[in-house]
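Data first, discussion second: the structure below is written as structure tokens.
In this note's numbering, the protein residues as written are 85 to 622.
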């Protein structure tokens, strides 16, 4: 009997020990994920995470895009840190197979800095041993705060890396202010996660690298590099209340990420109007002229539902009365029920492109070209040959929303089944000429190569063509930021384009982000010699 009691006691103790170890490890894993974000200052626009494993370094050892985008100077600093903390035989076990996090912050005007958060692995040694090891090899000093000292690691090029060790985290940066901000968050006990994402997702846990985006912070981050107030280039993102969690898909000459964007469904913004729409094909990309610098295109499966949502948004913005008065004025002057006539001929696609010249072109696809042409002829006047101008203001804004707010009383032409609008006749003439002569971006070999990696369907499509957008980027950036942008430290000239696509799925968007270098000539697909008009108007 005594033996049985002893055996049962041993089993109970064993189970208790295993249970304790399980939850201890579970807690350690949780700290290296969700809780990491609680110490990141709230102004972070994006966070990059990767697994500190040999497989990651092997895959990306010849990957040059990191240096092209971050700058060679920043990349050299990061490589130096890798040699100190990851490659060192004594220190490296402390970070073995842990996930490393890099958050991006607008620390000073025209400047951005990286904050690094490195959770210790389960096999980590004593932190005092790590500090002692560093002191034997490097110049390492600390401030006078005995409870939570900030350490300064000095390099030969006179740069300094500052870091703190808090529980099982190392938090550091080459910008001391960022470390101070993180330390203040910890000491104040006001740790909070500003990234509302699903950290339990198997996609995030199994991916070798992840990118997290806080869309509400991106406009301020970008505007930090501009001298202009409320620049139009970032207006589309200004009111987006959403967070993306994207997993990397390896491609040797590109950043390719896919994942989910979670939105604040209670937010009243243009972005959310597309949540309850089915995804569809983006055919407007096929009529882009060769000098297109960027576009924002949209697809709605149910225009009537979209318009109802847009009307509610106008009410929240207190614009309904003004817009209704404008439409009533059109009805009175032209004796036409604009709602009854215009809504049935609206197609599923619309959007705005910007050309290298800076001119903006609005595009609306119609399902009844003849009816639309007749309708618009009754509420417009001829400007020059084959080009007319709307008689009244904000008509397109009333029916399509934010992308068309800059077209107050535009000129227009109709090409095939597309309404094309612009704020000057020259832009329309040039667009028409390029369309007629098939001088289209979709025919170029580089664009054909780029498009093959994009999703065929979605609801919101953003695109920036690096070379065509040079003048626009220059006008957006401050003088100092543009000087840095063009310096030898970066290699942006080798970037072809950036595409971000959102496909609605009830309460979220499936998201694809693709940024590619200019393809090597030997890897290009043949350019298109002919393009049937039918393929443009489907």
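Using N, Cα and C, we set each Cβ at its ideal position, and we do this for glycine too. Note that the structure is a prediction, hence the values are computed from the model and not measured.
Could you check the C-alpha separation between residue i and residue j for me, to the nearest Å?
i: residue 512; j: residue 529; result: 25 Å
i: residue 238; j: residue 326; result: 39 Å
i: residue 491; j: residue 324; result: 22 Å
i: residue 282; j: residue 183; result: 16 Å
i: residue 206; j: residue 296; result: 25 Å
i: residue 466; j: residue 473; result: 6 Å
i: residue 602; j: residue 526; result: 15 Å
i: residue 384; j: residue 157; result: 44 Å
i: residue 136; j: residue 177; result: 11 Å
i: residue 122; j: residue 312; result: 32 Å
i: residue 551; j: residue 522; result: 20 Å
i: residue 580; j: residue 407; result: 40 Å
i: residue 264; j: residue 229; result: 12 Å
i: residue 256; j: residue 262; result: 8 Å
i: residue 541; j: residue 584; result: 12 Å
i: residue 426; j: residue 432; result: 13 Å
i: residue 440; j: residue 217; result: 55 Å
i: residue 480; j: residue 236; result: 57 Å
i: residue 302; j: residue 240; result: 34 Å
i: residue 392; j: residue 196; result: 41 Å
i: residue 171; j: residue 220; result: 16 Å
i: residue 604; j: residue 180; result: 36 Å
i: residue 536; j: residue 600; result: 12 Å
i: residue 429; j: residue 390; result: 14 Å
i: residue 617; j: residue 289; result: Bear in mind that a pLDDT of 30 at residue 617, under 50, signals an unreliable position, so the number given afterwards is only what the model happens to contain. Answer to the nearest angstrom: the Cα atoms are 46 Å apart.
i: residue 361; j: residue 594; result: 13 Å
i: residue 208; j: residue 343; result: 32 Å
In three-state terms, what does DSSP make of residue i?
i: residue 140; result: helix
i: residue 184; result: strand
i: residue 416; result: helix
i: residue 401; result: coil
i: residue 114; result: At residue 114 the pLDDT is 38, less than 50, meaning the model places this residue with poor confidence; the figure from the coordinates comes in the next sentence. Three-state DSSP puts residue 114 in a helix.
i: residue 542; result: strand
i: residue 533; result: helix
i: residue 583; result: strand
i: residue 591; result: coil
i: residue 499; result: strand
i: residue 96; result: Low confidence applies to residue 96: its pLDDT is 39, below 50, so where it sits in the model is not reliable enough to give any reading.
i: residue 246; result: strand
i: residue 516; result: helix
i: residue 568; result: helix
I'd like to know whether the C-beta atoms of residue i and residue j end up nearer to each other than 8 Å.
i: residue 129; j: residue 199; result: no
i: residue 450; j: residue 418; result: no
i: residue 586; j: residue 345; result: yes
i: residue 504; j: residue 447; result: yes
i: residue 234; j: residue 248; result: yes
i: residue 485; j: residue 387; result: no
i: residue 377; j: residue 549; result: yes
i: residue 471; j: residue 499; result: no
i: residue 118; j: residue 191; result: no
i: residue 597; j: residue 341; result: yes
i: residue 307; j: residue 318; result: yes
i: residue 277; j: residue 329; result: no
i: residue 438; j: residue 544; result: no
i: residue 155; j: residue 423; result: no
i: residue 270; j: residue 250; result: yes
i: residue 374; j: residue 518; result: yes
i: residue 310; j: residue 562; result: yes
i: residue 568; j: residue 152; result: no
i: residue 400; j: residue 352; result: yes
i: residue 139; j: residue 292; result: yes
Flag residue i as yes if its beta-carbon sits less than 8 Å from any beta-carbon of chain C, otherwise no.
i: residue 472; result: In the structure shown, chain C cannot be found, because there is only a single protein chain.
With a cut-off of 8 Å on the beta carbons, I'd call residue i and residue j a contact; round off their distance for me.
i: residue 475; j: residue 410; result: Not confirmed; about 11 Å, so no contact.
i: residue 132; j: residue 186; result: 5 Å
i: residue 349; j: residue 591; result: 6 Å
i: residue 201; j: residue 253; result: 6 Å
i: residue 395; j: residue 404; result: 7 Å
i: residue 445; j: residue 515; result: 6 Å
i: residue 333; j: residue 287; result: Not confirmed; about 11 Å, so no contact.
i: residue 161; j: residue 243; result: 6 Å
i: residue 564; j: residue 194; result: 5 Å
As an exercise, report each continuous alpha helix (DSSP H) stretch of at least 4 residues that is fully enclosed by the region 287-344, in chain order. List check, alpha helix (DSSP H) in window: 302-307.
In chain order, each beta strand (DSSP E) run of at least 3 residues that lies wholly inside the region 362-410: The region 362-410 contains these whole beta strand (DSSP E) runs: 376-383.
Only counting runs of 4 or more residues, tell me where the alpha helix (DSSP H) segments fall wholly within the region 439-479, in order along the chain. Within the region 439-479, the runs of alpha helix (DSSP H) that reach at least 4 residues and sit entirely inside it are, in chain order, 453-461.
Suppose only complete runs of 3+ residues qualify. What are the beta strand (DSSP E) ranges in the region 151-234, listed by chain order? List check, beta strand (DSSP E) in window: 183-192, 195-203 and 223-226.
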